[in-house]
Amino acid sequence: MANLLRKKSVSKLLGESQSKTLTKTLGAFDLTLLGIGAIIGTGVLVLIGLVAARDAGPAVIFSFMIAAIVCGFAALCYAEVASTLPVSGS
Numbered sequence: 002m003a004n005l006l007r008k009k010s011v012s013k014l015l016g017e018s019q020s021k022t023l024t025k026t027l028g029a030f031d032l033t034l035l036g037i038g039a040i041i042g043t044g045v046l047v048l049i050g051l052v053a054a055r056d057a058g059p060a061v062i063f064s065f066m067i068a069a070i071v072c073g074f075a076a077l078c079y080a081e082v083a084s085t086l087p088v089s090g091s
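Just so we're aligned, residue 2 is where the sequence shown starts under the working numbering, counting upward by one.
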């Protein structure tokens with residue numbers, strides 16, 4: 002349980018990352034499956050739009066705006082972490 006709460010300092014992470022580089026390991030088959038997964042995952046978003054247009058009222062526009070703002074804040078958090086620790090892994 003103690004391993005779940007331990008953390009490294011930023012300077013130690015940056016020092017360890019100087020010697021490590023990422024290698025290209027994805028092939029054509031892997032990229033094809035990633036593309037298919039993205040297409041299948043998009044179906045959920047399309048279905049939400051169809052149901053909202055058929056069954057919901059005009060307030061659905063505001064709910065999509067609120068969801069977009071929340072997703073934007075989450076993206077800003079990820080960008081902050083990525084700029085603080087410009088290394089792969091943890």
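Just so it is clear, CB atoms sit at the ideal spot from N, CA and C, and this is done for glycine as well. None of these values were measured; they are calculated from a predicted model.
{"Check": "Would you report the Cα separation of LYS13 and VAL82, rounded to the nearest angstrom?", "Outcome": "16 Å"}
{"Check": "Nearest-angstrom Cα distance between LEU46 and LEU27?", "Outcome": "27 Å"}
{"Check": "Specify the secondary structure class of VAL52 as computed by DSSP and reduced to three states.", "Outcome": "helix"}
{"Check": "I'd like to know whether the C-beta atoms of LEU15 and VAL88 end up nearer to each other than 8 Å.", "Outcome": "yes"}
{"Check": "Can you give me the start and stop residues for the alpha helix (DSSP H) that VAL88 sits inside?", "Outcome": "Segment: none, VAL88 is in no alpha helix (DSSP H) and carries neither H nor E."}
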